[in-house]
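Trainee:
Number of protein chains: 6
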Amino acid sequence: MIDFPAGFKAPFVRPSGRVADAMREVTLTPGQARHAEGSCLIRFGVTEVLCTASVESKVPPFLRNTGQGWVTAEYGMLPRATHTRGDREAARGKQSGRTQEIQRLIGRSLRAVTDLKAMGEMSITVDCDVLTADGGTRCASITGAWVALHLAFQHCMKMNVLKTNPLRDQVAAISCGIWNGTPVLDLDYAEDSKAETDGNFIMTGSGGIVEVQATAEGAPFSENELLALLGLARAGTAKLFELQKVAIRG
Amino acid sequence: MIDFPAGFKAPFVRPSGRVADAMREVTLTPGQARHAEGSCLIRFGVTEVLCTASVESKVPPFLRNTGQGWVTAEYGMLPRATHTRGDREAARGKQSGRTQEIQRLIGRSLRAVTDLKAMGEMSITVDCDVLTADGGTRCASITGAWVALHLAFQHCMKMNVLKTNPLRDQVAAISCGIWNGTPVLDLDYAEDSKAETDGNFIMTGSGGIVEVQATAEGAPFSENELLALLGLARAGTAKLFELQKVAIRG
Amino acid sequence: MIDFPAGFKAPFVRPSGRVADAMREVTLTPGQARHAEGSCLIRFGVTEVLCTASVESKVPPFLRNTGQGWVTAEYGMLPRATHTRGDREAARGKQSGRTQEIQRLIGRSLRAVTDLKAMGEMSITVDCDVLTADGGTRCASITGAWVALHLAFQHCMKMNVLKTNPLRDQVAAISCGIWNGTPVLDLDYAEDSKAETDGNFIMTGSGGIVEVQATAEGAPFSENELLALLGLARAGTAKLFELQKVAIRG
Amino acid sequence: MIDFPAGFKAPFVRPSGRVADAMREVTLTPGQARHAEGSCLIRFGVTEVLCTASVESKVPPFLRNTGQGWVTAEYGMLPRATHTRGDREAARGKQSGRTQEIQRLIGRSLRAVTDLKAMGEMSITVDCDVLTADGGTRCASITGAWVALHLAFQHCMKMNVLKTNPLRDQVAAISCGIWNGTPVLDLDYAEDSKAETDGNFIMTGSGGIVEVQATAEGAPFSENELLALLGLARAGTAKLFELQKVAIRG
Amino acid sequence: MIDFPAGFKAPFVRPSGRVADAMREVTLTPGQARHAEGSCLIRFGVTEVLCTASVESKVPPFLRNTGQGWVTAEYGMLPRATHTRGDREAARGKQSGRTQEIQRLIGRSLRAVTDLKAMGEMSITVDCDVLTADGGTRCASITGAWVALHLAFQHCMKMNVLKTNPLRDQVAAISCGIWNGTPVLDLDYAEDSKAETDGNFIMTGSGGIVEVQATAEGAPFSENELLALLGLARAGTAKLFELQKVAIRG
Amino acid sequence: MIDFPAGFKAPFVRPSGRVADAMREVTLTPGQARHAEGSCLIRFGVTEVLCTASVESKVPPFLRNTGQGWVTAEYGMLPRATHTRGDREAARGKQSGRTQEIQRLIGRSLRAVTDLKAMGEMSITVDCDVLTADGGTRCASITGAWVALHLAFQHCMKMNVLKTNPLRDQVAAISCGIWNGTPVLDLDYAEDSKAETDGNFIMTGSGGIVEVQATAEGAPFSENELLALLGLARAGTAKLFELQKVAIRG
């Protein structure tokens with residue numbers, strides 16, 4: 247168990263029955279999508295996201311003739327991934343603000359650990375499609391997307407398109423929150439909807455922080471609380487990095 | 247093996263290695279989507295479609311106060327379900343003509359065997375999302391959607407919302423085509439893209455035809471060829487009806 | 247009168263007052279659109295469709311540098327072509343699924359009888375705009391579009407852009423249905439909305455079938471019924487081919 | 247011939263072969279659209295517009311419970327109404343600025359002579375669809391739309407929905423322009439595209455002006471020139487009012 | 247005070263407290279937008295429009311390789327520029343017909359006094375964004391846009407991109423209307439919404455008319471009334487031309 | 247000057263010439279928008295955002311009959327607020343992902359300090375329109391929006407619609423980043439585009455944190471760096487709270 251900063255103590259039970267610093271069972275299944283150059287089905291408990299990486303031999307206009315590559319992401323959710331059916335975004339004719347926010351975050355996280363120059367002028371699009379949602383889909387997406395991206399780069403190396411893997415580090419993400427006054431790790435949907443503060447922490451294998459997004463849903467939070475969440479996230483991502491390493495060894 | 251009409255003979259091998267009247271291995275896994283009232287993951291060889299049925303207690307405006315229910319369908323494909331990544335329809339801002347054509351067909355097929363009056367004023371939307379595509383996705387969708395719909399109606403009966411199941415019959419679909427001059431059953435993608443004629447046959451458990459769509463991709467076809475395709479489809483759907491029965495027994 | 251398969255007999259009167267195998271009066275007026283390279287105003291009774299063929303000296307991206315041409319179609323309906331005014335699709339901001347389904351069908355039918363390689367790299371778009379609707383607009387569109395396309399190709403020959411006419415055969419379409427238990431030819435709107443089964447048959451001048459679309463609106467239909475409809479369609483299109491020949495002679 | 251203001255003299259020939267104050271042949275054919283409550287096919291030489299008036303028993307939200315009616319217009323052009331094919335607005339997904347400008351003008355012109363209170367809470371939409379374009383389509387639309395609207399109101403009187411015709415006056419429109427230094431009436435496309443100034447004048451049967459839109463395409467114009475155009479328009483609309491009277495008598 | 251044509255007399259007070267031929271206080275502040283090549287904040291009383299001119303070194307496709315430049319305009323209104331908040335057009339997903347009509351008018355007016363050939367192949371887009379609206383926004387936009395455009399051309403001369411200023415003349419616009427039977431100059435929102443006739447007059451520094459748009463909101467208007475409005479507009483724009491001259495001198 | 251955590255030292259000059267913990271000059275001008283119930287023009291150096299609060303007496307559907315109010319925000323940027331002109335979102339037909347992300351953030355921040363129940367069933371929309379952009383527009387928007395919202399609530403109290411002001415606390419935001427290895431406060435555009443890490447900190451008047459968004463643009467950042475940024479933000483927002491208090495006293 248991690249050390250809580252002074253003033254916090256772990257609750258005995260959360261709605262999920264887990265203790266404060268317990269993650270749900272996480273599994274990463276590489277190669278799940280038959281046609282993609284790299285893919286990974288990731289599960290955080292019930293949450294289930296299929297990540298596929300697609301390689302293209304061209305770059306967006308703003309990168310043409312720069313010798314540099316691009317990594318981007320798109321995010322979607324099956325209409326009935328959720329408890330009640332949501333509108334199909336394709337039928338509605340536009341992606342919601344939430345969808346765009348998440349896919350921008352995934353792309354940014356992946357680029358933070360990719361040497362775009364080492365890619366040469368090629369693009370990889372990682373699609374993260376949520377098959378079942380139970381909280382934490384954006385963190386699961388980032389964590390699984392890294393595996394799909396790694397496998398796609400491996401594929402490029404096998405095809406002699408790349409000599410080295412342009413990934414400089416691992417990246418993984420986990421949500422933490424203040425639930426009933428206590429910092430807890432890896433919120434599921436029921437916890438997330440009642441948390442006072444909700445944060446997503448995106449970290450690298452070497453211990454750096456790529457992005458912190460922490461939001462007070464109810465009362466504002468304090469610096470100490472932020473640090474407690476960060477501590478939980480560090481412990482959680484350490485475990486995810488281990489799972490990623492296993493997944494890419496295949 | 248079915249009897250071919252005069253003038254046709256089965257080829258020894260198709261690109262898939264199957265004989266003319268052999269279907270791919272078909273599996274139906276009910277209850278795959280945790281949140282949906284009814285669901286079925288259907289596989290035709292590599293092709294894989296997740297069908298979920300969502301119940302809502304209201305009807306579209308044109309049916310209000312008629313005492314009648316509604317069944318409709320939506321169809322989608324994950325961007326990397328295919329060999330090369332396709333645009334995400336939500337990002338492009340509209341559903342393609344092909345998508346709309348297919349989802350209208352699925353909805354029509356399901357309504358053909360549903361007693362809408364017996365439903366009362368409720369709606370069921372069946373989402374058919376293609377996870378992996380290798381030909382025959384619309385036929386797989388219809389066949390799996392019927393199972394998802396049946397399970398959703400069972401759920402309504404268990405909840406005491408319905409007294410009887412409004413499904414009057416089974417419905418299933420299979421593709422057939424003329425490949426290299428010979429009628430063959432259940433085309434995969436490689437066969438479909440080279441077939442001279444391509445047809446989708448939607449049939450009921452009691453032997454009726456709900457819809458026939460046969461299209462000459464190259465040379466026009468003859469009445470005899472149409473009958474040969476219909477014969478294959480009858481044999482193929484007979485097998486699908488058996489699998490559906492097993493799936494709903496759960 | 248055609249021979250009905252065993253078990254069917256012609257009714258004495260249909261809502262339209264026609265016997266089972268009687269078509270409405272059909273007229274084809276070539277050259278109706280002053281600016282188009284080819285055009286034809288086609289009437290099936292009250293139904294009235296203006297078909298115009300527009301030649302362009304370039305092809306869609308996927309055909310560039312293939313030496314091959316392209317034929318495509320667009321379909322529209324004036325807002326008050328129908329009994330009650332429909333929304334203007336341009337104002338609504340998108341074409342309905344029905345519109346897209348029909349225009350894809352028209353394009354496919356025309357391409358089935360066109361030697362695209364013989365065209366060289368040019369495109370022809372055939373616009374089919376319904377001025378008055380009374381059932382059978384998609385069949386009228388296909389039949390009239392062929393005349394407009396033929397005239398546009400003749401125009402290209404006169405301009406020395408083409409040496410031979412790339413049309414290999416005629417194509418025409420007619421609807422048939424089961425009305426009150428009996429197969430009938432060429433449904434008008436009143437009949438169509440009450441038919442148990444409704445089919446569109448697209449055939450070539452040399453007797454081949456290009457596309458069959460038959461749909462049970464109520465009870466499923468049988469193989470015998472399908473054959474009866476096909477027989478009616480064969481008789482109906484034979485007459486349309488004669489009218490097309492007169493129209494292109496001008 | 248009208249009297250030109252000092253300083254202008256009529257040219258002997260325009261591109262169209264007409265003298266300065268000669269209109270093209272104008273015909274108005276009432277009742278052309280079978281399903282509409284009122285309709286009129288109007289031709290100005292080659293220009294051809296089908297105007298249909300559709301009655302609905304409800305009003306837009308901003309007029310609910312005011313006891314007042316509404317008249318509005320929509321404008322469209324068949325893709326090949328013009329010399330080279332234009333994009334179909336429904337396919338492009340939006341109406342152009344020009345289309346919206348014209349349909350707003352038609353609606354405003356019709357409302358200027360309609361007693362909206364006398365209509366009660368009903369709406370009439372007049373669709374003006376250009377079948378062939380050769381200049382002057384917005385003026386032809388207004389002139390024909392008035393006839394369609396009048397016939398729709400007559401229909402409402404025949405159906406006992408209205409006791410009196412809410413039209414207080416006639417409205418008609420004609421274009422005029424400065425061509426090669428001389429004011430000319432009723433520009434066709436060839437003249438319009440070379441005119442230095444181009445104006446649309448919308449007038450009432452009793453001699454009032456409803457709208458003037460005059461635009462310098464090349465050099466600015468003078469007050470005298472504006473008056474000369476207005477004089478031509480007065481003469482032209484006088485003739486249109488006669489034709490409208492004949493058309494509504496049927 | 248201008249001379250009114252026979253039969254009109256100036257009212258003593260308008261809702262605004264101004265006499266018939268009095269304009270609101272008009273101020274033009276050049277250089278208000280820090281980043282733009284040319285800009286002008288224009289106020290007509292409370293109405294306030296920020297005009298910015300942006301230079302780009304390319305032209306729209308239809309002008310490529312013609313050696314000619316292009317001037318265009320876009321118009322927008324902040325959601326709360328008006329008394330009650332209007333929808334944000336970006337959120338609604340399209341520009342209204344009114345917006346498009348106005349921005350087309352601004353662009354046309356600017357091009358009427360620009361020597362496009364003298365520009366060479368470059369484009370200038372003038373954005374007119376209404377910060378506060380109280381009637382007359384389109385006229386203020388045109389008047390301020392001319393200053394922004396002039397300053398942008400001056401900037402190009404300073405940068406040695408142009409040798410001479412391609413503006414051949416000034417252009418300014420003012421609204422006039424018939425209010426309570428009397429022609430009045432420069433309507434504010436309260437007057438505009440009650441005026442019987444409403445006109446926009448766009449004139450050049452050398453006295454020519456670029457565009458007249460006069461619309462009867464209630465009863466039709468007469469030729470004499472049109473002339474009275476034109477007289478007021480001439481007096482009003484004379485004053486605007488003086489202000490423009492001061493503004494570009496800086 | 248704030249105390250930097252061990253290991254950091256302030257650089258002597260930043261691109262802006264400011265020391266590490268110096269903010270740009272900030273001014274808040276209340277009541278700038280004549281028609282809005284509350285408004286504030288806020289400047290952070292050159293960055294300039296007009297914030298207007300619009301009161302409506304109804305709530306979105308999901309809040310009807312809950313007795314609770316709603317506060318939301320929309321964000322926009324004039325096309326030439328930036329160094330090079332950006333597309334007008336209204337013309338492009340959709341808001342960018344960035345725009346949606348920012349307006350969701352503003353709305354969330356305002357709701358964090360508003361007692362929605364105390365509002366009763368009314369809505370306030372705060373529009374934040376960037377007139378000039380030079381970095382920090384989202385933070386300026388939040389800080390100015392709070393003033394506009396406060397003034398709108400005061401207006402409601404003056405109108406006797408509310409008895410007390412539903413704002414429970416102040417909220418303000420400031421950006422901080424790691425520039426050239428050193429934590430700096432309030433990045434302008436030039437600094438922001440070269441910063442290694444970029445963060446937005448949204449805080450309440452009573453010292454709580456509402457939202458932290460920190461992103462590594464280059465190398466990942468450490469926990470110590472995050473704390474340094476938080477320290478700077480605390481100092482910066484303290485100053486903003488003072489300015490807000492002055493602005494609402496008006």
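These protein sequences, in sequence, are chains A, B, C, D, E and F. In short: position in the first sequence from 1, add 246, done, that's our numbering. In short: position in the second sequence from 1, add 246, done, that's our numbering. In short: position in the third sequence from 1, add 246, done, that's our numbering. In short: position in the fourth sequence from 1, add 246, done, that's our numbering. In short: position in the fifth sequence from 1, add 246, done, that's our numbering. In short: position in the sixth sequence from 1, add 246, done, that's our numbering. All residues carry an ideal CB built from backbone N, CA and C; glycine is no exception. As the structure is a prediction and not an experimental result, all values here were calculated from the model.
Taking only beta carbons into account, state which residues of the region 458–472 of chain A come closer than 9 Å to chain F, listed in chain order.
Mentor: Cβ contacts with chain F: Val458, Gln459, Ala460, Thr461, Ala462, Glu463, Gly464, Ala465, Pro466, Phe467, Ser468, Glu469, Glu471 and Leu472.
Trainee: Should alanine 375 of chain F and leucine 324 of chain E be called a contact, given that it needs their Cβ atoms to be closer than 8 Å?
Mentor: Residue 375 of chain F is actually aspartate in this sequence, not alanine. Contact flag set, yes.
Trainee: Would you kindly work out how many angstroms separate the C-alpha atoms of arginine 334 of chain F and glycine 284 of chain F, rounded to a whole number?
Mentor: Near 26 Å, if we compare the C-alpha coordinates of glycine 284 of chain F and arginine 334 of chain F.
Trainee: Where does proline 306 of chain C land, buried or exposed, given buried means 16+ other C-beta within 10 angstroms?
Mentor: Exposed.
Trainee: Can you check whether the C-beta of glutamine 346 of chain F is within less than 8 Å of a C-beta belonging to chain A?
Mentor: Chain A, which has a Cβ nearer than 8 Å to the Cβ of glutamine 346 of chain F, makes this yes.
Trainee: Apart from the five residues just before and just after glutamine 314 of chain E, which ones in its own chain have a Cβ nearer than 6 Å to its Cβ?
Mentor: Within the same chain, glutamine 314 of chain E has close Cβ partners Leu362 and Lys363.
Trainee: Using the Cα positions of proline 429 of chain F and valine 295 of chain E, report the straight-line distance between them to the nearest angstrom.
Mentor: Those two C-alpha atoms are separated by around 40 Å.
Trainee: Taking arginine 354 of chain D as part of the alpha helix (DSSP H), name the residues at either end of that continuous run.
Mentor: Looking at the DSSP string, the run of the alpha helix (DSSP H) that includes arginine 354 of chain D is 343–357.
Trainee: By DSSP's criteria, tyrosine 321 of chain E is part of a beta bridge. Which residues make up the other side?
Mentor: Its beta-bridge partners are E:Cys374.
Trainee: Rounded to whole angstroms, what is the Cα-Cα separation between asparagine 426 of chain F and alanine 465 of chain F?
Mentor: When rounded, the distance between both Cα atoms is 12 Å.
Trainee: Counting Cβ pairs closer than 8 Å, one from the region 395–404 of chain D and one from the region 484–493 of chain C, do we hit at least three?
Mentor: In short, these stretches do not touch, since the Cβ pair count stays below three.
Trainee: Per DSSP, what kind of secondary structure is glutamine 459 of chain D in: helix, strand or coil?
Mentor: DSSP places glutamine 459 of chain D in strand when its eight states are reduced to three.
Trainee: Do you know whose CA, among D:Cys402, D:Glu271 and D:Asp267, lies nearest leucine 413 of chain D's CA?
Mentor: That would be D:Cys402, whose Cα lies nearest to the Cα of leucine 413 of chain D.
Trainee: Is the closest heavy atom of the ligand SAM to the C-beta of aspartate 373 of chain A under 7 Å?
Mentor: This structure lacks the ligand SAM, and indeed carries no ligand of any kind.
Trainee: Given glycine 423 of chain A, which residues of its chain have a CB within under 8 Å of its CB, disregarding the five upstream and five downstream residues?
Mentor: Correct list, in chain order: Pro429, Val430, Leu433, Glu437, Asp438, Ala441, Glu442, Thr443, Asp444, Gly445 and Leu475.
Trainee: Step through the CB atoms of chain D and report whether any lies within less than 8 Å of the CB of glycine 353 of chain E.
Mentor: No, glycine 353 of chain E lies away from the interface with chain D (no Cβ there is under 8 Å from its Cβ).
Trainee: Quick one, which residues of the region 279–301 of chain D are near chain C if we go by CB-CB under 8 Å, in chain order?
Mentor: Against chain C - using a Cβ distance shorter than 8 Å - the residues of the region 279–301 of chain D are Ala279, Arg280, His281, Ala282, Ser285, Val292, Leu296, Thr298 and Ser300.
Trainee: Figure out for me which residue from F:Val393, F:Glu347, F:Val456 and F:Ala460 has the closest Cα to the Cα of serine 421 of chain F.
Mentor: Closest option to serine 421 of chain F, Cα to Cα, is F:Ala460.
Trainee: Among E:Gly263, E:Ser300, E:Ser355 and E:Glu271, which has the Cα closest to the Cα of threonine 293 of chain E?
Mentor: Comparing Cα positions, the closest option is E:Glu271.
Trainee: Does alanine 213 of chain C get closer than 8 Å to chain B when you measure Cβ to Cβ?
Mentor: Residue 213 of chain C lies beyond the stretch modelled for chain C, which goes from 247 to 496, so this question has no answer here.
Trainee: When you compare the CB of lysine 340 of chain D with every CB in chain E, is at least one pair closer than 8 Å?
Mentor: It does; some Cβ of chain E falls within 8 Å.
Trainee: When burial is assigned at 16 or more other CB atoms within 10 Å of the CB, is phenylalanine 308 of chain E buried or exposed?
Mentor: Counting Cβ neighbours within 10 Å, phenylalanine 308 of chain E comes out exposed, since fewer than 16 surround it.
Trainee: Helix or strand or just coil, what does DSSP make of arginine 480 of chain D?
Mentor: It is helical.
Trainee: In whole angstroms, what is the alpha-carbon distance linking asparagine 406 of chain E and serine 369 of chain E?
Mentor: Cα to Cα, asparagine 406 of chain E sits roughly 16 Å from serine 369 of chain E.
Trainee: Label valine 492 of chain E either buried or exposed according to how many other C-beta atoms from any shown protein chain fall within 10 Å of its C-beta, with 16 as the threshold for buried.
Mentor: Burial call: exposed.
Trainee: Grouping DSSP H, G and I as helix and E and B as strand, with all else coil, what is aspartate 438 of chain E?
Mentor: Here aspartate 438 of chain E sits in helix by DSSP.
Trainee: Which of the three DSSP states is assigned to asparagine 311 of chain F in this structure?
Mentor: Here asparagine 311 of chain F sits in coil by DSSP.
Trainee: How close, in whole Å, do the beta carbons of alanine 497 of chain E and threonine 389 of chain E come, if the pair is a contact with beta carbons under 8 Å?
Mentor: The shown model of chain E, from 247 to 496, leaves out residue 497 of chain E, and the question about it has no answer.
Trainee: Within the same chain, show all residues whose beta-carbon is closer than 7 Å to that of glutamate 488 of chain F, passing over the 5 residues directly before and after it, in chain order.
Mentor: There are no such residues.
Trainee: Restricting to Cα atoms, I'd like to know which of D:Gly454, D:Leu472 and D:Gly453 is closest to phenylalanine 447 of chain E.
Mentor: The option with the nearest alpha carbon to phenylalanine 447 of chain E is D:Leu472.
Trainee: DSSP three-state call for arginine 365 of chain B: helix, strand or coil?
Mentor: One point to set straight first is that residue 365 of chain B is methionine, not arginine, in the sequence displayed. Looking at methionine 365 of chain B - three-state DSSP - the assignment turns out to be helix.
Trainee: Give the interface partners of proline 325 of chain C over in chain D, defined as CB-CB distance under 9 Å, in chain order.
Mentor: Within chain D, the residues near proline 325 of chain C are Thr298, Ser300, Glu320, Gly322, Thr371, Asp373 and Asp375.
Trainee: Which residue from C:Gly343, C:Thr330, C:Gly291 and C:Gln278 puts its Cα closest to that of arginine 264 of chain C?
Mentor: Comparing Cα-Cα distances from arginine 264 of chain C to each of C:Gly343, C:Thr330, C:Gly291 and C:Gln278, the minimum goes to C:Gly291.
Trainee: Going by Cα to Cα distance, which pick from D:Ser303, D:Trp392 and D:Gly381 is closest to leucine 274 of chain D?
Mentor: Of the listed residues, the one whose Cα sits closest to leucine 274 of chain D is D:Trp392.
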